[in-house]
Amino acid sequence: MTKKVIFLILFNFALLNIKGQIHNTIELISFNVNQVNNTVVLTWATSFEDSSLFYNIQRSPDNINFYSVDSILAAGNCLTLTNYLYNDSGPFLENGVLYYRLMVTFGNQTSMITPSIHIFYYNSIEENINSISWKIFPNPSKNYVTLEFEQNKYFHCFLIIYDMNGHEVLKINNFQSDQQKIYIDKKGIYNLILMDKINILATKKIIIN
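What follows is the structure in structure tokens.
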């Protein structure tokens, strides 16, 4: 089961500077939250970053008291599209609304906070018996894995691969057959996200030795 909430910013992002002075900034063009099984998946994208150091992911049960979940490295100085991903595995309440926001810290030690987004979280979700059937092998692997679908109805979907810092490594927009080889040169652990135009359909983790 997948739930999705999208927060789309179509203007130059206005952030609250913690110290009351605006020096560095980012332009956030999207901030999304999904529930995939028992994990909350956060994705966001920027089109511009000025001296950004890291993003602190913050969660709240009431949209008032926010707590730090984790931090990931930011792009730094960037004039192109940058995509980020973070998987929040909890622990969560049994059921309830979860609010998320990002705190961006810059090289001059100023910080800015995004507006919050929220999702209603259901714990202990059972996987849909009609969920996508796909295989990834070999895993772990040296420099490539093979993605295999049991049916060809997912050719319209696309695959995004993120490293453990939440940075997009590779995107495949169209599958030409029921098997697709994916080459990754750099060693590490990667998250594979299979999506259609609206929802995250499935996720898998791979290891490149």
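When we follow my numbering, the leftmost residue of the sequence shown carries the number 12, and every step to the right adds one. Virtual Cβ for every residue (Gly too), placed ideally from N, Cα, C.
query, result
"Can you confirm whether the segment 141–158 touches the segment 64–74 when touching is taken to mean that 3 or more C-beta pairs between the two stretches lie within less than 8 angstroms?", "no"
"From ILE37 to CYS168, what distance separates their C-alpha atoms?", "30 angstroms"
"Below 8 angstroms, can you find three or more Cβ-Cβ pairs linking the segment 57–72 to the segment 94–112?", "yes"
"Using the three-state DSSP reduction, which class does THR91 fall into: helix, strand or coil?", "coil"
"Going by DSSP, what residue range makes up the beta strand (DSSP E) through SER122?", "122–124"
"Looking only at its chain, what residues have a beta carbon closer than 6 angstroms to the beta carbon of LYS192, apart from the 5 residues adjacent to it on each side?", "TYR155 and THR157"
"Alpha carbon to alpha carbon, what distance is there between LEU39 and MET123?", "12 angstroms"
"Taking 9 angstroms as the cut-off, decide whether the C-beta atoms of GLN46 and TYR132 are in contact.", "yes"
"For VAL51, which residues of its own chain have a beta-carbon under 6 angstroms away from its beta-carbon, when the five flanking residues on both sides are left out?", "ASP99"
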